[in-house]
Structures are given as structure tokens and as C-alpha cells.
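Protein chains in written order, with the numbering used here: chain A, 1 to 113; chain B, 1001 to 1228. Just so you know, even glycine gets a beta-carbon here, dropped at the ideal spot from N, CA and C. For reference, the structure is listed below as C-alpha cells.
This is the structure we're talking about:
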């Protein structure tokens, strides 16, 4: 997958740990409806406080599209919105389930400390 | 972002990528605030795209990729050797012509040079001579990474290039050709003594290290990004 290091963090979130898996963030952003690039950046920012760089975002979009997990919609002027596909929803659900399992197990271990 | 800067940044991406995403990406860049950080992000992403293109967007490379798969020994073994030989021929021609033009009385072109024009001319030849193995090695690595080739033949190619670079020695003399034009040639030996051999091998190891360095950095960067 594309590099996840080029994620621009927000000033108000500095010091906090941000989740930075661009493909997953893009899928999660498109889960509540089609969006174009700028709207995705803003939505991901609201979702988890991570500001994706434009190159990182389009790196993720290109690979997700080639994998068939998102689809482009007709362009609106020069901006092109994308929507998540059924396969993309399945992948997102599976990944979030794994993350939930991982989070639950991690928190349980922390509570035991 | 400034439209002109956005245009330049989009130009950094490979053509198939630009044809598919260029318009919308430029539109996005023009809405992005700030200059340096997003620009650095785009430059890095464009570099990554050039090294490891998005699968399905490598339209222009299919022919080349099939050559790498069908004849890896030729693409990574023979072709780099011919390329290196060609670069050295050019380097020697530069040195020889510089010797004739600027140092007609000298017995060798390897003398201290103080004139700026002569200095530039000779260093062009020397840089090509010393830099050619490293540049060819980087080319092998880049092609292997872009086409996701197995490591065997690229490694063979890199070792051959490093050995050629480590054992090559330029011989220049005017005495062997009396009243002639002077004579520059190349010799490939590991030396006549243990010291010469070890020096040649050390040189080969240095060339090999320099050629694989970008690949090591790329692998480290990739490993770090996956662990983030």
C-alpha cells in the first residue's frame, strides 16, 4: 500500500496519536456518501483529526480504484467525486471488525495493568 | 496553491497517471492551503508513483515489462554491461580529445589542470568514467523495482557492474606511439599483487554499496510506512 508517513497532522491535535492508514481512511470517508478529494480531506480531518496530504490522498484513491473498491462518478466541473463499491464496503467492514477486535484486546490488556 | 505551482507538481507524475487523475488532482491542489508541506507531500508521492506505479496504469511499459520477464539475463546482465562500455567509450573519447586539444605536450592527460575550461572538460570525462557504474547500477535497481522483478538477475547485473567498475583501469601514454596522438585504453585486471587485488575488490564493494543504497533506503522507508 501507499506510504502512510506523509500525513500532515493538525496543530490542535499535535501530540495526540493519529490513525494514518490512507486507504482505510478514504474508504471510511466514502462510507456515508460520494465525495471529491477536498471533501474527503475535510471529512477525514473531522473523523479522526488526521489531515491527509494531497499526494497521499490521490495515491490511496488510485490504488483503491484499481482494486475496484471505489468508483469514480461523472466529474463536477474539474472535481471528480468517488463512491465506495459493494466490494469496498465488504473490505471496510472486515478491516474495521479486525480493528475493533484489536482495540478491544488492547484495552483489556491495559485495564489489567 | 498557486495554479502554476499546481501545474508543475502534477507534471512530476508519470504520463498514464496524469492522463487519468491530472485534471482533478490539479483542481484539488488549487484548493489546498499552504505551499511547502503539501508540495513536499506531492513531490514524494510523485516519486513513489514513478518508482512503483499504480497497477493498471503502466500502459506505456507493457512491452518493456515483458522483455524484463522473458529475457531477464539480457535486460539485467548484458544490456547494463554494454551500456557501461558505451559510457566508458564516451568518457575515454572526452579524455583523449581533451588531451589533444588542451595538453598537446603532456605525456599523460592525468596532470594537474588550472584553466577553468580545461578543468570542466576533463572533469566531465572523469565524472562519466567514475559515475557510469553507479548510474548504470541505479538504472538496474529502478527498472527491477518498477517491474517488480525477482532479485536474482538484477543482483547478478549489479555484481557484474561493480566488478567491472572495480577492476577497470585507464592506461594513458604517448611513449608507446612515437610522435603519435597518444594512446588511452582500459585494462580489466584484479591487479598483479595482493594489494592491487584487494584494492580492486574494495573498489567493487564500494560501487556495489552505492548502487544498492537507494534500494535499501526504499525498503526501509516501505517497512517504516507499513509499521506506522
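Asked: Test: residue 23 of chain A CB closer than 8 Å to a CB of chain B; Found: no
Asked: Candidates B/1166, B/1145, B/1140, B/1202, of which the one nearest residue 1156 of chain B by Cα; Found: B/1140
Asked: Helix, strand or coil at residue 84 of chain A according to DSSP, with G and I counted as helix; Found: strand
Asked: Residue 70 of chain A: first and last residue of the uninterrupted beta strand (DSSP E) it sits in; Found: 70-72
Asked: Classification of residue 84 of chain A by the beta-carbon crowding that lies within 10 angstroms, buried from 16 upward; Found: buried
Asked: Residue range of the beta strand (DSSP E) that includes residue 50 of chain A; Found: 50-52
Asked: Distance CB(residue 65 of chain A)-CB(residue 72 of chain A) smaller than 8 Å; Found: yes
Asked: Cβ pair residue 942 of chain B, residue 1161 of chain B closer than 8 Å; Found: With chain B covering 1001 to 1228 only, the question about residue 942 of chain B has no answer from this structure.
Asked: Chain B contacts made by the stretch 46-74 of chain A, where a contact means CB separation under 8 Å; Found: 53, 54, 55, 56, 57, 58, 59, 61, 62, 63, 66
Asked: Residues that DSSP places opposite residue 76 of chain A in a beta bridge; Found: A/79
Asked: DSSP state of residue 35 of chain A mapped onto helix, strand, coil; Found: strand
Asked: Nearest to residue 55 of chain A (by Cα), restricted to the options B/1009, B/1072, B/1070; Found: B/1009
Asked: Proximal residues to residue 1208 of chain B (C-beta, below 7 Å), its chain only, five neighbours per side dropped; Found: 1158, 1159, 1162
Asked: Classification of residue 35 of chain A by the beta-carbon crowding that lies within 10 angstroms, buried from 16 upward; Found: buried
Asked: Minimum Cβ-Cβ distance from residue 88 of chain A to chain B less than 8 Å; Found: no
Asked: C-alpha gap between residue 1218 of chain B and residue 42 of chain A, whole angstroms; Found: 30 Å
Asked: Minimum length 4: unbroken alpha helix (DSSP H) runs contained in the stretch 1138-1163 of chain B; Found: none
Asked: Cβ-based burial, residue 1127 of chain B [other Cβ within 10 Å; buried from 16]; Found: exposed
Asked: Interface flag, residue 95 of chain A vs chain B, CB-CB below 8 Å; Found: no
Asked: Per-residue DSSP class, three states only, for residue 1042 of chain B; Found: helix
Asked: Proximity below 8 Å, CB of residue 1167 of chain B to CB of residue 1188 of chain B; Found: yes
Asked: Status (buried if at least 16 other CB within 10 Å, exposed otherwise) for residue 76 of chain A; Found: exposed
Asked: Sub-8 Å separation of residue 1046 of chain B and residue 1030 of chain B beta-carbons; Found: no
Asked: Closest Cα partner of residue 1050 of chain B within the set B/1132, B/1143, B/1196; Found: B/1143
Asked: N- and C-terminal bounds of the alpha helix (DSSP H) containing residue 1006 of chain B; Found: 1003-1010
Asked: Cβ of residue 80 of chain A within 8 Å of any chain B Cβ; Found: yes
Asked: Presumed contact (8 Å Cβ cut-off) between residue 22 of chain A and residue 57 of chain A, rounded CB distance; Found: 7 Å
Asked: Terminal residues of the alpha helix (DSSP H) in which residue 1094 of chain B lies; Found: 1079-1102
Asked: is_contact[residue 1215 of chain B, chain A] using C-beta, thresh 8 Å; Found: no
Asked: Residue 1067 of chain B - DSSP class collapsed to helix/strand/coil; Found: helix
Asked: Neighbouring residues, chain B, relative to residue 33 of chain A (Cβ below 7 Å); Found: Under the 7 Å cutoff, chain B gives no residues; its nearest Cβ is about 18 Å from residue 33 of chain A.
Asked: Proximity below 8 Å, CB of residue 1102 of chain B to CB of residue 1118 of chain B; Found: yes
Asked: Where residue 1033 of chain B sits in the DSSP three-state scheme; Found: coil
Asked: Proximity winner among B/1014, B/1066, B/1020, B/1021, relative to residue 1148 of chain B (alpha-carbon distances); Found: B/1066
Asked: Residue 26 of chain A: first and last residue of the uninterrupted alpha helix (DSSP H) it sits in; Found: 22-30
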